[in-house]
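Colleague: First, the structure itself, so that you have it in front of you.
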Amino acid sequence: MNKSIVIAIDGPSASGKSTNAKLVAKALEFVYVDTGAMYRTLAWYCRQKAVDIQDPKAVATACKRWKTTLQCIDGQARLTVDGYYPEKEIRTKETSADVAHVAAVPKVRDWMKHKQRECLAFGSLVMEGRDIGSNVFPETEFKFYIDASLDERSKRRAAEGVHENLAERDQRDSQRAAAPLMIPLGAFFVNTSGQTPAQSSGLIIEEMRRRLPQNRSAPPACTT
Ligand code: DC
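Following the working numbering, the numbering of the sequence shown begins with 133 at its first residue and continues without gaps.
Structural data, given as structure tokens:
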């Protein structure tokens, strides 16, 4: 049996990480892991339980106590809380506003790192986030950093109906004390400005096919 492989994809908001990571996972038949969704799930849970997200101790306690299960459904990892998967709720404006506070709590980041590493039980992974190559799987050889110009990223967000100050968000993500966004050492840089998802994901897929040992097939990704 082949050893599982982790492709770490990091980058700022609206850089095209999710779109590219999903396409790469599909092409290589790896399991896709959206780590932002895991932080969003905790932010949603805190609001449900009226936990003060400005209070790092209260957030850390909630994270220690919540009852979660990690599953792999149709080639994607998901975190359920008390058996529920809050797929839509984690994308609301409220959750988006709360999540940065939750993601800045060091004990939360330790918990998430542990859970994210547990995903290896599902097989080879394409994991996207802000600290995957630098902190969660620093040992992986397959690190990618995706970016696009601030102007293009702002336009993408606006096209989704979200008007957000991305320069401010970039600054928050890169300057927080715990596992800040950074370009991991040795990462393959992909600039998605002016590129279609097929073009940019194609660069990553091509690079991976070049680097993966010949005849290597991924362990089967989960189907249920
Ligand atoms: O990618 P996203 O917008 O869904 O991420 C939600 C938040 O979680 C965002 O504030 C950055 C943070 N995050 C993080 O700190 N580390 C990760 N590995 C993934 C997301």
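Glycine included, C-beta positions come from ideal geometry on N, C-alpha and C. Predicted model only: the values in this text are computed from it and were never measured.
Rounded to whole angstroms, how far is the Cβ of Phe-320 from the Cβ of Phe-276, which I believe are closer than 8 Å?
Modeller: Right, their Cβ atoms sit about 5 Å apart.
Colleague: Helix, strand or coil for Cys-178? Go by DSSP, reduced to three states.
Modeller: In the structure shown, Cys-178 sits in a helix (DSSP, three-state: H, G or I).
Colleague: Determine the DSSP secondary structure at Met-340, reduced to helix, strand or coil.
Modeller: The answer is helix: DSSP assigns Met-340 an H, G or I state.
Colleague: Where does Tyr-217 sit, in a helix, a strand or coil, going by DSSP?
Modeller: It is coil, neither helix nor strand.
Colleague: Between Thr-173 and the ligand DC, is there a pair consisting of the residue's CB and a ligand heavy atom that are separated by less than 7 Å?
Modeller: Every heavy atom of the ligand DC is 7 Å or more from the Cβ of Thr-173, so no.
Colleague: Within 10 angstroms of the Cβ of Gly-207, are there 16 or more other Cβ atoms? Answer buried if so, exposed if not.
Modeller: Buried: at least 16 other Cβ atoms inside 10 Å.
Colleague: Could you check if Asp-230 belongs to the surroundings of the ligand DC, using beta carbon to heavy atom distance under 7 Å?
Modeller: No, the Cβ of Asp-230 stays beyond 7 Å of every heavy atom of the ligand DC.
Colleague: Does the structure place the region 313-332 close enough to the region 170-185 that three or more beta carbon pairs sit under 8 Å?
Modeller: Result no; under three Cβ-Cβ pairs closer than 8 Å.
Colleague: Can you round the beta-carbon distance between Leu-155 and Ser-333 to whole angstroms, since I take them to be within the 8 Å contact cut?
Modeller: Their Cβ separation, rounded to whole angstroms, is 4 Å, which keeps Leu-155 and Ser-333 in contact under 8 Å.
Colleague: Taking 7 Å as the line, does the beta carbon of Gly-261 fall inside it for any heavy atom of the ligand DC?
Modeller: Yes.
Colleague: Buried or exposed: Asn-267, going by 16 or more other Cβ atoms within 10 Å of its Cβ?
Modeller: Looking at its Cβ environment, which holds 16 or more other Cβ atoms inside 10 Å, Asn-267 is buried.
Colleague: What do you reckon, is the C-beta of Glu-305 under 7 Å from a heavy atom of the ligand DC?
Modeller: Checking the displayed sequence, the identity of residue 305 turns out to be Asp instead of Glu. For the ligand DC, at least one heavy atom lies less than 7 Å from the Cβ of Asp-305.
Colleague: Should Ser-145 be listed as close to the ligand DC, given that the test is whether its C-beta is under 7 Å from any heavy atom?
Modeller: For the ligand DC, at least one heavy atom lies less than 7 Å from the Cβ of Ser-145.
Colleague: Below 8 Å on the Cβ atoms is my guess for Met-244 versus Tyr-171; work out the distance and round it to an integer in Å.
Modeller: Their Cβ separation, rounded to whole angstroms, is 7 Å, which keeps Met-244 and Tyr-171 in contact under 8 Å.
Colleague: Just reading off the beta strand (DSSP E) that Gln-203 is part of, what are its end residues?
Modeller: Element bounds for Gln-203: 200-205.
Colleague: Return the chain-ordered list of same chain residues with a C-beta closer than 7 Å to the C-beta of Thr-200, the five sequence neighbours on each side being excluded.
Modeller: Only Leu-211, Thr-212, Val-213 meet the Cβ criterion.
Colleague: Can you tell me whether DSSP reads Gln-303 as helix, strand or coil?
Modeller: Three-state DSSP puts Gln-303 in a helix.
Colleague: Per DSSP, what kind of secondary structure is Val-209 in: helix, strand or coil?
Modeller: In the sequence on display, residue 209 carries Ala and not Val. Ala-209: strand per DSSP, three-state reduction.
Colleague: Could you tell me if the beta carbon of Ile-337 falls within a distance shorter than 7 Å of some heavy atom in the ligand DC?
Modeller: Flag unset: Cβ of Ile-337 not near the ligand DC.
Colleague: Would you call Met-133 buried or exposed, if buried means 16 or more other Cβ atoms sit within 10 Å of its Cβ?
Modeller: With a pLDDT of 48 at Met-133, under the threshold of 50, the modelled position of this residue cannot be trusted, and the question is left open.
Colleague: Below 8 Å on the Cβ atoms is my guess for Ile-336 versus Ser-256; work out the distance and round it to an integer in Å.
Modeller: Not a contact, Cβ separation roughly 14 Å.
Colleague: Under a three-way DSSP split, which group does Ala-330 fall into?
Modeller: Three-state DSSP puts Ala-330 in a helix.
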